[in-house]
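The sequence shown: position 129 = 143 (our numbering), numbered continuously. All C-beta atoms in this analysis are idealised placements derived from N, C-alpha and C, irrespective of residue type, glycine included.
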Amino acid sequence: LRHNLRNEVGVISGYAEMLQKRNADENAAYAGKIVEASDRLMTPSETARKLEANLDTSPETDSIDVVPIVARTAARTEERYPDATVSVTTPESAVAESAPRLETGMWELLENAAKHAGEGPNVAVSVRVDAAGVVIRVSDDGPGLPEQEREVLVSGTETPLVHGSGLGLWLVYWVVESLDARLTVPE
Numbered sequence: 015l016r017h018n019l020r021n022e023v024g025v026i027s028g029y030a031e032m033l034q035k036r037n038a039d040e041n042a043a044y045a046g047k048i049v050e051a052s053d054r055l056m057t058p059s060e061t062a063r064k065l066e067a068n069l070d071t072s073p074e075t076d077s078i079d080v081v082p083i084v085a086r087t088a089a090r091t092e093e094r095y096p097d098a099t100v101s102v103t104t105p106e107s108a109v110a111e112s113a114p115r116l117e118t119g120m121w122e123l124l125e126n127a128a129k130h131a132g133e134g135p136n137v138a139v140s141v142r143v144d145a146a147g148v149v150i151r152v153s154d155d156g157p158g159l160p161e162q163e164r165e166v167l168v169s170g171t172e173t174p175l176v177h178g179s180g181l182g183l184w185l186v187y188w189v190v191e192s193l194d195a196r197l198t199v200p201e
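Structure follows, in structure tokens:
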């Protein structure tokens with residue numbers, strides 16, 4: 015399904031881009047809206063690919079220093095979203111029972127913040143070690159997570175009336191759950 019959807023959306027987007035270039039009138043604006051809509055359809059397809067890849071990984075964990083994962087993901091976010099500023103505060107090391115899929119979850123959180131926190135977003139990532147283990151906190155100066163998204167993440171369930179708008183935060187939820195960790199969403 016993902017492969018077929020991606021191919022067909024690629025065709026739609028390609029033809030719409032050609033129309034946009036050929037027309038300088040109102041039709042170019044319509045073609046532009048088609049391109050934007052097809053781009054929005056591609057995002058869930060990519061996230062579904064990541065979900066599939068992460069669900070197929072071994073459930074085993076190992077002692078991993080999460081500091082390099084956080085630093086790498088933050089650098090990648092600033093590279094991909096140059097208007098975003100990502101500050102990182104970590105100890106020298108923070109070893110936790112984890113797996114490489116943690117990086118996928120971190121990327122989803124940081125990308126979500128960089129994309130949805132407004133113009134020139136400031137994203138902060140902190141890592142600390144306490145008696146309970148390693149705590150990774152991601153925050154931004156955006157409008158915050160909509161109540162419906164928060165409710166879905168906190169409860170871990172969706173209904174026809176209460177559901178999330180995308181797969182990215184679900185991917186984070188599943189990564190965290192698969193690592194036998196805990197996800198909290200501040201009010």
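- Partner residues in the beta bridge of Arg-142, as assigned by DSSP, are Val-149.
- Of all alpha-carbon atoms in Leu-116, Glu-163 and Glu-125, the one lying nearest the alpha-carbon of Arg-196 is that of Leu-116.
- Secondary structure note for Ser-192: its alpha helix (DSSP H) is the uninterrupted segment 182–192.
- In the three-state scheme derived from DSSP, where H, G and I count as helix and E and B as strand, Glu-125 is classed as helix.
- In the three-state scheme derived from DSSP, where H, G and I count as helix and E and B as strand, Val-49 is classed as helix.
- Just measuring C-alpha positions, the residue of Val-149, Asp-144 and Pro-200 sitting nearest Pro-160 is Pro-200.
- With 16 or more other CB atoms across the displayed protein chains lying within 10 angstroms of its CB, Glu-163 is buried.
- Contact between Ala-108 and Val-139 is absent: CB atoms are separated by about 12 Å, not below the 8 Å threshold.
- The segment 79–94 and the segment 116–132 touch, with no fewer than 3 CB-CB distances between them shorter than 8 Å.
- Residue pairing for Asn-136: DSSP places it in a beta bridge opposite Thr-99.
- The alpha carbon of Ile-26 has as its nearest neighbour, out of Asp-76, Ile-48 and Ala-127, the alpha carbon of Ile-48.
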